[in-house]
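See below for the structure under consideration.
In our numbering, the protein residues as written are 46 to 528.
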């Protein structure tokens, strides 16, 4: 049977690194989950079989080969052989699913009893290569927690953790092996890391105590070549860079690598242990920090003080905007009074000047009110008003010059009107602005005090009730989705 009643999780990892921070969902090998053979490039096999599913990122070449005999009949609903390249297969059977090959397909004496043959490949193998390497690197960063010993070619791995046991194997640990014993508590996962570049495994069979092959992961992040011969392997091998030569043996687990070739037999027992999460931020998706607000209330609470401060700053800006609006009303009133006196002498261009002057006054008042020192506002406002009114008149004169092509007589009238407006606006605006500034200072104090109290209260309520992020979080705030 490809399954076991033992609920042990064994991950064997051949490298040292950082300590485990969290645990993700069982069997989290990304795009390779559920496959017995997953290669980012080619797969060549003869006179053997793979009893599970296969995904090939390049060319697949088979002779006297069988696929999927340990799988359930999918009635054409599952793709059991996926090839992102050419498929050449002589003699064999695909027992329980579909065949999908994006390149040419040459099938000779091949039976597909419970599926069809198509050309739709829904795996991006380039992305898969990157993702699998990232997974492998993250696993290799875990600190070893188990004890490794070797005597007379017999390698012993002993762990005591009820959840995860991590082992690190050196080149000497793997050389000249005649046996391997793994002993861990029931219910735990075993990760075995090795940074060996070249690995040779032959003529022995690992013995597992307290765990099942589906709970054991051998991780080779840097290996480019793995040779397996005359061996009965137990567990899944993750080696994204490796070309694996597999002859005269069998594996109860899975091969996830660059390529596979040989007559080795692969039995469907995919890894389903609980892997450590490589994301130090421990957020709810394991990758993206955008979901922290959904799962970690503590993280939000740490930011409350900053949010309150930001809220106060924003309130000050709102007060300034309000002050500017009050000043605009006074200035508009002054401008209207002045314009009424000269209204009979001005033509349509005069209206255009009034709009420009009003816009300039708006900008001037806003600049004045936003000064950091309220005591200097009166003086700055007076000076700026005079200068800005003068600038506004200059701009208006420029506008009148542009219009002079149509009516030369309007320019003289506009200039006279502008002079009158300058004198009236300067006197009236200065008086109004001084008064407005004093009133605004008092208003600012009250508004800032009220705003601070309201914002602090609102910020706390938002932290407790709201979670504005883009992820799908099924658990309440404060809970880790992977616990």
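Glycine included, each C-beta is placed from N, C-alpha and C at the ideal position. All of these numbers come straight from a predicted model, not from anything done at the bench.
- Buried is the label assigned to residue 177, since at least 16 other Cβ atoms lie within 10 Å of its Cβ.
- In the DSSP assignment, residue 319 falls within the unbroken beta strand (DSSP E) covering 319-321.
- Residue 211 holds the alpha-carbon nearest to the alpha-carbon of residue 186 among 306, 211, 127.
- About 6 angstroms separates the beta carbon of residue 157 from that of residue 144, a gap short enough to meet the 8 angstroms contact definition.
- The C-beta distance from residue 316 to residue 259 rounds to 6 angstroms, short enough to meet the 8 angstroms contact threshold.
- In this structure, 251 is the residue among 251, 293, 296, 255 with its C-alpha nearest to the C-alpha of residue 198.
- A direct Cα-to-Cα measurement between residue 203 and residue 230 gives close to 9 angstroms.
- Residue 95 is bridged by DSSP to 112, 311.
- Here residue 163 has 145 as same chain residues with Cβ atoms under 6 angstroms from its own Cβ, once five neighbours each way along the sequence are excluded.
- The beta carbon of residue 80 sits closer than 6 angstroms to the beta carbons of 98, 100 from its chain, once the five residues preceding and following it are set aside; these are given in chain order.
- Cα atoms of residue 172 and residue 208: separation of roughly 30 angstroms, rounded to the nearest angstrom.
- A residue is called buried once 16 or more other Cβ atoms fall within 10 Å of its Cβ, and residue 192, having fewer, is exposed.
- Note on residue 217: under 16 other CB atoms within 10 angstroms of its CB, so exposed under the neighbour-count rule.
- Residue state for residue 169 is assigned as coil, using DSSP reduced to three classes.
- A direct Cα-Cα distance of roughly 17 angstroms separates residue 221 from residue 240.
- Per DSSP, residue 241 has no beta bridge partner at all.
- For residue 213, the enclosing beta strand (DSSP E) covers residues 209-214.
- In this structure, the straight-line span from the alpha carbon of residue 137 to that of residue 277 is close to 24 angstroms.
- Apart from the 5 residues on each side of it in sequence, residue 124 sits with its Cβ closer than 7 angstroms to the Cβ of 142, 143, 145 in its chain, given in chain order.
- Excluding sequence positions up to five before and after residue 159, its CB lies within less than 8 angstroms of the CB of 118, 119, 120, 121, 140, 141, 142, all in the same chain and listed in chain order.
- Within the stretch 175-231, the runs of beta strand (DSSP E) that reach at least 3 residues and sit entirely inside it are, in chain order, 192-196, 199-203, 209-214, 224-228.
- The shortest CA-to-CA distance from residue 214 to any of 223, 205, 201 is the one to 201.
- DSSP places residue 122 outside both helix and strand once states are collapsed to three, so it counts as coil.
- With 16 or more other Cβ atoms inside 10 Å of its own Cβ, residue 281 counts as buried.
- In the three-state scheme derived from DSSP, where H, G and I count as helix and E and B as strand, residue 257 is classed as coil.
- Judged by DSSP secondary structure, residue 83 falls within the beta strand (DSSP E) whose first and last residues are 82-84.
- Nearest to residue 148 by alpha-carbon distance, out of 104, 271, 292, is 104.
- Within 10 angstroms of the beta-carbon of residue 167 lie fewer than 16 other beta-carbons, which makes it exposed.
- For a cut-off of 8 angstroms, the C-beta gap from residue 109 to residue 131 is around 19 angstroms, too long to register as a contact.
- The residue among 267, 299, 319, 287 with its C-alpha nearest the C-alpha of residue 87 is 287.
- Shortest Cα-Cα distance from residue 314 to any of 196, 307, 113 involves 113.
- Residue 153 is classed as exposed because its beta carbon has fewer than 16 other beta carbons within 10 Å across all chains shown.
- Secondary structure of residue 87 (DSSP, three-state): coil.
- Taken atom to atom, the span from the alpha-carbon of residue 304 to that of residue 246 is near 17 angstroms.
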